[in-house]
Amino acid sequence: MNDYEIIDTTADTGVNAKGSDSTDLCRNLLRGFYCIAFDKKAYVFNQVEYSNLKTLTFENPEDLIFSLLNEAVYLLYTKNSLIYPVSISGNEVKYSIFKNTEHIETEIKAATKHKLSVKKTGENFEAVVILDL
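So the sequence shown is numbered by full-length UniProt numbering: it starts at 1 and just counts up by one.
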């Protein structure tokens, strides 16, 4: 697996991602999420500005993934905006919001808690999340 891979399931799809730390893990999950939404083989964050920072609080690593991806769903489909995690400290993630320039091909309704997992594997973190289409 590279930084992320798309998982096909019977009715939905998902993302399996890894990262060197929780911030890197979240960025890679979002890259997979945007690949699905934009129907692309790969997605690269371009011209990310560290302005318009927002904060999201979470209780545990699974809550972080669930909340961040559902925030991405909300912002993409209501504000045509993308998010980019800047830093994670304690139980807060700071992320930047910027305008989407891609055409949305696939509607993602929500991140689900079905099979949601986050674990440390050696020196990396790995997560699996299923997305409701």
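Note that CB positions come from ideal geometry on N, CA and C, so glycine has one too.
C-alpha distance - residue i paired with residue j, whole-angstrom precision
i, j, result
"ILE104", "LYS115", "26 Å"
"SER113", "LYS79", "A quick correction: the sequence has Lys, not Ser, at residue 113. In a straight line, the C-alpha of LYS113 is about 24 Å away from that of LYS79."
"GLU5", "ASP12", "14 Å"
"LYS41", "ILE7", "13 Å"
"PHE66", "ASN16", "13 Å"
"VAL73", "ALA110", "6 Å"
"PHE33", "LEU56", "18 Å"
For residue i, the nearest candidate out of the options (CA to CA)
i, options, result
"ARG27", "THR78, ASN60 and LYS94", "LYS94"
"GLU126", "TYR74, THR10, PRO61 and LEU76", "PRO61"
"LEU68", "GLU107, THR10 and SER22", "SER22"
"ASP29", "GLY122, VAL118 and LEU133", "As written in the sequence, residue 29 is Leu, which differs from the Asp given in the question. Considering only alpha carbons, the answer is VAL118."
"GLY122", "GLY19, ASN70 and GLY14", "GLY19"
"GLY90", "GLU59, ASN124, ASN100 and GLY32", "GLU59"
Under the three-state DSSP convention, the category residue i falls into
i, result
"GLY122", "coil"
"SER67", "helix"
"GLU102", "coil"
Terminal residues of the beta strand (DSSP E) in which residue i lies
i, result
"SER87", "81 to 89"
"THR23", "Segment 22 to 38 is the alpha helix (DSSP H) holding THR23; no beta strand (DSSP E) there."
"TYR43", "It is not in any beta strand (DSSP E) - TYR43 carries neither H nor E in the DSSP assignment."
"LEU56", "53 to 57"
Residue i classed as buried or exposed, judged by whether at least 16 other C-beta atoms fall within 10 angstroms
i, result
"LEU64", "buried"
"LEU53", "exposed"
"VAL44", "exposed"
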